[in-house]
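Participant: Starting off with a structure, shown below.
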Amino acid sequence: MIKNVKGKVVQNQNFIKHLSSTYLIMLVNYAALFFLTPYTWKQLNTEEFGIWVLLTTIITYFGLSNMGFLQSLLTELPKRRDNPQEISKLVSTVFYSLVGFSAVGLVVAFVIYWGMEHFFKISPENVRVAKLAFWPAYGTFLLSFLSSIFYNIMLSSAKIVEKNFLELLKIIFTNLLIFLMVKMGYGLVGIVWATFGVTFVYVIALYVQAKKILDFRLSHHYYDKITFREMAKPSLYYFLIGIGYQIVFYSDNLLIGKLAGTAFVAVYAQTYRIPDIALKFIMKISDMKLPKITTLNSQHKYSELLQIHNRLLVFTAGVAVPAFLFLYFLGIKVLELWLGDDTGRFDPVIMRIFAFYMLIHAILHVPSAFLTGMGVHKRVSYFSLFEAGLNIVLSLIFYRWFGLAGIALGTLTASLPSLVFVLYEFYGYIYRSEKFTSWRQLWRV
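So, in structure tokens, the structure goes:
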């Protein structure tokens, strides 16, 4: 009994330590953005800032080329931790699979590069800037993409503090160099090269730390076709979820870049910035439980999973509702004050739509994180594609009626069915696994 109590105390202490270190890097990151964003907003012209946002969005889509293997790696690592041979086989198989996937992504990158001015509304004088910035931005993605394996090794090993320390250094040096590049007049091209340089050093540090944590060898000799096939099916469903996630969270910028132009991308993205910051802070609460979720699910402790989920759901709602009220009534004023821009270009209607969006996705993320960590995501993956398609269709329709606010409204409306579906999926799975006789048994806190 005493041993169990001590174990729970240690677990709670570790969770607090992990959560606090995670919030520390978020605070440092957003503190840097708090001072840096108004500066870059004024120093870069609006269209150049919009190109920066657009490039970031495009590069984010390349993350889909992991085909869900990184998520599968996170669930497989705990199962093979005590077998160095199996670990080396797993890590090497995923790494060289990513290399192959990225080769296909490189072809797509060339297509985007050569056709950029045709795919998006970019003024002729800024096309050259966009193309000069594209390849270092893509190189930064490629480094982060391949090193995600080492990141996941640290995450699955619950080395959250060590991982966060490396991220903290990366954030500090990246923002410092961005400031210097803008101040020295190098603009967007200087920004993306500075980010590439810091990321290169960060990747080396990640690899060194991962090797200290886990005994593995990275070699093509360990690549295993059987392991690849075993991971392919569950990875496919993670990939489908990823497609849905990318479209839901990032399609707006692409649509606006195509329909209205990159200057409007900048204004829209800045309006979303504050709700996005609030959402990411809240989502981290559930994300810190992912290693615990994976472990409890492998032990079939569904009752404990249910209890943790319900507590997180109540806590998340308790944090998200005040944040929603603040954004709904004061968000646009805070944004204008922050950027020092009172020209009236920011639409309060869009801010209020994003406030609702933040509230819905903050709550939705709790059961979604549990389903992903438990590997029960097949039906969710299909539904995420439905939401993604609905998002695009509604955004295009509403844009014709309401302009930029219509795109935001389409994204919000498409997320409502997902909230209901994901909650139903989680509770339904627990209900069946525990063989409950009444739905009331699910409301444990």
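The sequence shown stops at residue 500 when you use our numbering, and every number in between is there.
Don't be surprised by glycine CBs; every beta carbon is placed ideally from N, CA and C.
Determine the DSSP secondary structure at Tyr-241, reduced to helix, strand or coil.
Facilitator: Coil, per DSSP.
Participant: Excluding sequence positions up to five away, which residues of its chain have a Cβ less than 6 angstroms from the Cβ of Lys-144?
Facilitator: Taken in chain order, the residues that qualify are Tyr-277, Asp-279, Thr-282.
Participant: Just verifying my parser: in three-state terms, what is the DSSP assignment at Trp-393?
Facilitator: In the structure shown, Trp-393 sits in a helix (DSSP, three-state: H, G or I).
Participant: Within this structure, are the beta carbons of Thr-326 and Ile-447 separated by less than 7 angstroms?
Facilitator: No; because the gap between Cβ atoms is not below 7 angstroms, this pair is not in contact.
Participant: Could you give the first and the last residue of the continuous alpha helix (DSSP H) run that contains Val-163?
Facilitator: Here the alpha helix (DSSP H) through Val-163 covers 139-174.
Participant: Would you mind stating whether Pro-330 and Phe-411 have Cβ atoms separated by less than 7 angstroms?
Facilitator: It is not a contact, given that the beta carbons lie outside the stated cut-off.
Participant: So, is Val-13 buried or exposed, given that buried needs 16 or more other C-beta atoms within 10 angstroms?
Facilitator: Any answer about residue 13 is impossible in this case: the structure gives the chain only from 56 up to 500.
Participant: Excluding five sequence neighbours on each side, which residues of the same chain lie with their C-beta closer than 6 angstroms to the C-beta of Leu-210?
Facilitator: Contacts found: none.
Participant: Just verifying my parser: in three-state terms, what is the DSSP assignment at Tyr-278?
Facilitator: In this structure, Tyr-278 counts as coil in the three-state DSSP scheme.
Participant: DSSP three-state label for Ser-358, please.
Facilitator: DSSP places Ser-358 in helix when its eight states are reduced to three.
Participant: Alpha carbon to alpha carbon, how far is Trp-498 from Lys-61? Give it in angstroms, no decimals.
Facilitator: The predicted position of Lys-61 is uncertain, since its pLDDT is 48 and thus under 50; a value taken from the coordinates is nonetheless stated next. Distance between the alpha carbons of Lys-61 and Trp-498 is about 27 angstroms.
Participant: Expressed to the nearest angstrom, what Euclidean distance is found between the alpha-carbon atoms of Lys-176 and Ser-202?
Facilitator: Rounded to whole angstroms, Lys-176 to Ser-202 spans 33 angstroms at the Cα level.
Participant: Where Ala-321 and Phe-104 are concerned, what is the direct C-alpha to C-alpha distance, given to the nearest angstrom?
Facilitator: Cα to Cα, the separation comes out at about 6 angstroms.
Participant: Please report the distance separating the alpha-carbon of Ile-462 from that of Asp-307.
Facilitator: C-alpha separation (whole angstroms): 7 angstroms.
Participant: Measuring straight from C-alpha to C-alpha, what distance separates Lys-238 and Phe-228?
Facilitator: So the alpha carbons of these two residues sit roughly 15 angstroms apart.
Participant: Whole-angstrom Cβ separation of Val-184 and Ala-324, contact assumed at under 8 angstroms?
Facilitator: No, Val-184 and Ala-324 are not in contact; Cβ-Cβ is about 17 angstroms, not under 8 angstroms.
Participant: Would you kindly work out how many angstroms separate the C-alpha atoms of Arg-275 and Ser-470, rounded to a whole number?
Facilitator: At residue 275 the sequence reads His, which differs from the Arg that was named. Each residue's Cα considered, the two are about 42 angstroms apart.
Participant: If you run the structure through DSSP and keep just helix, strand and coil, what is Trp-498?
Facilitator: The answer is coil: DSSP assigns Trp-498 none of H, G, I, E or B.
Participant: What does a CB cutoff of less than 7 angstroms around Leu-464 pick up in its chain, not counting 5 residues either side in sequence?
Facilitator: So the list reads Ile-408, Phe-453, Phe-457, once near-sequence residues are dropped.
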